[in-house]
Amino acid sequence: MTKLKTHELEFQVKQYSSPKKTNAYKVKLFCKNIANNAVSPWKTKIKCIADAAVSISQQSVTDIYSLNFDLSAAEPNPFHLKKKAKQIAKELNDIPSEFHSAAESTQVIMVLDIKMKESGYNEKAPITEKEQAFLALFNQNSSPDYIKELQKLGLQYVFLEGSLKADLLNIDFFDCESQEHLKNNSADFCQMVEFIINAFKRGEQIVIKQNGVEMQTFNASDYIKKISPKVADYQPTNTSITLYPKSYHEIAMQGIYTKAMQASGFFKLSTSTHDASKIVHMTTEMMAGVNHA
39 MTKLKTHELE FQVKQYSSPK KTNAYKVKLF CKNIANNAVS PWKTKIKCIA
89 DAAVSISQQS VTDIYSLNFD LSAAEPNPFH LKKKAKQIAK ELNDIPSEFH
139 SAAESTQVIM VLDIKMKESG YNEKAPITEK EQAFLALFNQ NSSPDYIKEL
189 QKLGLQYVFL EGSLKADLLN IDFFDCESQE HLKNNSADFC QMVEFIINAF
239 KRGEQIVIKQ NGVEMQTFNA SDYIKKISPK VADYQPTNTS ITLYPKSYHE
289 IAMQGIYTKA MQASGFFKLS TSTHDASKIV HMTTEMMAGV NHA
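Numbering (the working numbering), first residue to last: 39 to 331.
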C-alpha cells in the first residue's frame, strides 16, 4: 500500500538586504502539513553566492535530458541493459529537432541521478564508481547507442546529481526529521536540488547554513563534468534553458521550484510546450538586482 504524503516542502527565494551582500541570495525551506496547511521553517537554509573570480559567459546553457538510474553495486554493466537503453532512446527521440547539435549555439548539459538499490544516497562511494563508469562510456567504442545519440545532440557536460544528493544527506545539514523527509519524498528532494543545480550553472557557490552557522561550501566544479578532455571547460552563464519531458509537465509549470523562482522578483522564468512531444522548454534568466556581472 502506498504511504500517503502528509507533508511537503515549500521554498522562498530572498535577496539579502545588506549592501555588502548584493551578490548573494538565500533559499529558505519550509515544511507544510498538508492536512491543516500549517507551515514551519526548517533550520537549514541554502545561500547562493556569486563568485567574483568567475567570468559570466554570454553563451547560454541548455539542459537537454535527465537520466535516472536505480542500480545495484553488483551489476557489472548496468548502462547496457536493453530495456533501459530502449527507454532512453525513445526519450531522446522526443527532443525537438531544433535542439539537435545545439552545442553550436549553447553549452549542452544533462543530469545524471544515480541511486543505489542497497543504500540509496547514504553511501557516496558506490554512486561515484557508477558515475565514473557512465562518463567513461563517452570515450569507448562499445558504448550503448544512446550514448552516441547524446553526442549527436551536442552533449558536452554531465551534472552528477547522485553525488550531490549523497553529499547533502551524509553531513549533518538537516535534523533527523528533515533528513527523513528528503529520503522518503524524492520529488521534494529533487525540487530542492534544482535550486543548487541552477545556481551552479550560474557559477555560484552554495553555502549550507544551519541556525545561522555556515556548515559547508559546495562548488560547481565538483559536480559538472566534461564528457571528454577535448571539451572546453564549462563557462557559467546567467541564461539557462531546461527541457522537461512530458511526464514532468506539471512540475515544470507549477512545481514548488518554479513558483518560488517566479515569486523571487529577480529571476525571469518563461515556459512553452512543444506541440508534438509535449516537452516543456523553460528559460531562466538572472534579472537586474543581483550582481552577477
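Beta carbons: idealized from backbone N, C-alpha and C, even for Gly.
C-alpha gap between residue i and residue j, whole angstroms
i    : j    : result
M253 : K203 : 16 angstroms
A301 : Q178 : 45 angstroms
P134 : Y103 : 12 angstroms
D205 : G158 : 12 angstroms
L47  : D226 : 6 angstroms
P114 : H287 : 34 angstroms
I246 : Q53  : 16 angstroms
D89  : G241 : 7 angstroms
Y282 : I317 : 6 angstroms
Q96  : N276 : 8 angstroms
S315 : F137 : 13 angstroms
H330 : N61  : Note that H330 scores 46 on pLDDT, short of 50, meaning its location in the model is unreliable and no value can be drawn from it.
E169 : Q217 : 24 angstroms
T69  : V146 : In the sequence under discussion, the amino acid at residue 69 is Cys, which differs from the Thr named in the question. Their Cα atoms are separated by approximately 34 angstroms.
V9   : G303 : Here the chain comprises residues numbered 39 to 331, so residue 9 is not present and cannot be evaluated.
T40  : S308 : Residue placement at T40 cannot be trusted, given a pLDDT of 47 that sits under 50; what the coordinates show is reported in the next sentence. About 35 angstroms.
K239 : P274 : 5 angstroms
H118 : E167 : 16 angstroms
I234 : E215 : 21 angstroms
A237 : K122 : 30 angstroms
P164 : S224 : 19 angstroms
N160 : I87  : 27 angstroms
F212 : A171 : 30 angstroms
Y63  : I94  : 17 angstroms
L67  : K297 : 13 angstroms
Beta-carbon contacts of residue i that lie in its chain and below 7 angstroms, excluding the five residues immediately before and after
i    : result
D108 : K153 and K155
E232 : Y295
N257 : Q243
K263 : L173, Y195, V196 and L198
A270 : none
A127 : D183, Y184 and E187
F291 : Checking the sequence, you will find Met at residue 291 rather than Phe. Cβ neighbours of M291 beyond the five flanking positions: T309 and V318.
Y272 : Q145, Y195 and I262
Residue environment, residue i, which counts as buried when at least 16 other CB atoms sit within 10 Å
i    : result
K120 : exposed
D260 : exposed
V77  : exposed
S278 : buried
P3   : Missing from the structure shown is residue 3; the chain here goes from 39 to 331 and no further.
T255 : exposed
V251 : exposed
Q125 : exposed
K268 : exposed
D313 : exposed
N222 : exposed
D210 : exposed
A363 : A query on residue 363 cannot be resolved here, the shown segment of the chain reaching from 39 to 331 and no further.
N75  : exposed
Spatial neighbours of residue i in its chain, beta-carbon cut-off 8 angstroms, leaving aside the 5 residues before and after
i    : result
T44  : N71, I72 and A73
Q229 : L47, F49, I289, G293, I294 and Y295
L130 : Y103, Y184, E187, L188 and L191
S110 : P116, M154, K155 and E156
F305 : V51, M299, T322, E323, M324 and M325
Cβ-based neighbour list, residue i, same chain, cut-off 6 angstroms, excluding 5 preceding and 5 following
i    : result
D151 : N106, E199 and G200
S181 : L175
T311 : V318
K284 : K316
Inter-residue CB distance, residue i and residue j (contact presumed, cutoff 8 angstroms)
i    : j    : result
S266 : F176 : 6 angstroms
K81  : Q248 : 5 angstroms
L207 : L193 : In fact, because the Cβ distance is near 28 angstroms, the residues do not count as touching under 8 angstroms.
M320 : T280 : 5 angstroms
V149 : D101 : 7 angstroms
Residue i CB to nearest heavy atom of the ligand ZN below 8 angstroms
i   : result
S93 : Within the structure as shown, the ligand ZN is missing, as the structure has no ligands at all.
Would you list, in sequence order, the uninterrupted beta strand (DSSP E) runs of no fewer than 3 residues that lie entirely inside the region 176-226?
Runs of the beta strand (DSSP E) inside the region 176-226: 195-198.
If we require 3 or more residues per run, which beta strand (DSSP E) segments fall completely within the region 262-290?
262-264 and 277-282
Secondary structure, alpha helix (DSSP H): runs of 4+ residues fully inside the region 86-154
120-131
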